[in-house]
Amino acid sequence: MIQLTTQGIKVSVESNYENAFYNKQQKQYAFSYRITIENNSPESIQLISRYWLIKDALNHTVVVEGKGVIGQQPIIDPGKAHTYESGCLLISPFGSMQGHYDMVTNSKNIKVGIPLFKLNAPFAMN
92 MIQLTTQGIK VSVESNYENA FYNKQQKQYA FSYRITIENN SPESIQLISR YWLIKDALNH
152 TVVVEGKGVI GQQPIIDPGK AHTYESGCLL ISPFGSMQGH YDMVTNSKNI KVGIPLFKLN
212 APFAMN
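Going by this note's numbering, the first residue of the sequence shown is number 92, and it counts up by one from there.
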């Protein structure tokens, strides 16, 4: 598990290789990830948007931006956590993801870092 804490907000990530398949004669590799956001700050926070930088071993880069996560903009009270699962496709068996969440509290907007985590198909590892 990879973790990063920003201003009392801890983001923990676990990733898994799911499968490979062909889409329009191009092989794609499916990965899932599970993210837990823990609010260890004194204020409630709301996740407003996300930014992802996704890279694969063939030097392809994709930027994903949007409101919330999996269609939600959760409010996380102090001492509570929010967990969700999602996934991505790569055209190589190796890659990485990193990014940030834009969150808001009663007093300010904050950018919460998502740690760099690897996406690895086990059959391709040494």
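Glycine included, each C-beta is placed from N, C-alpha and C at the ideal position.
On a predicted model such as this, the values are computed, not experimentally measured, just so you know.
- The Cβ atoms of isoleucine 128 and valine 104 do not sit closer than 8 Å to each other.
- Annotation: leucine 180 to glutamine 189 spans about 15 Å, alpha carbon to alpha carbon.
- A residue is called buried once 16 or more other Cβ atoms fall within 10 Å of its Cβ, and tyrosine 113, having fewer, is exposed.
- Looking at Tyr120, Gln94, Ser132, Thr97, the one whose alpha-carbon comes closest to that of proline 169 is Ser132.
- Three or more pairs of CB atoms, one per stretch, sit closer than 8 Å, so the segment 135 to 143 contacts the segment 154 to 162.
- Distance from serine 106 to phenylalanine 208 at the Cβ level is roughly 5 Å; contact confirmed, criterion being Cβ atoms closer than 8 Å.
- Looking at the backbone, the Cα of serine 123 and that of tyrosine 175 are separated by about 11 Å.
- Less than 8 Å separates the beta-carbon of isoleucine 182 from that of glutamine 119.
- In this model, tryptophan 143 and aspartate 193 are separated by some 12 Å (Cα to Cα).
- Contact check for lysine 146 against serine 198 fails: the beta carbons are separated by 8 Å or more.
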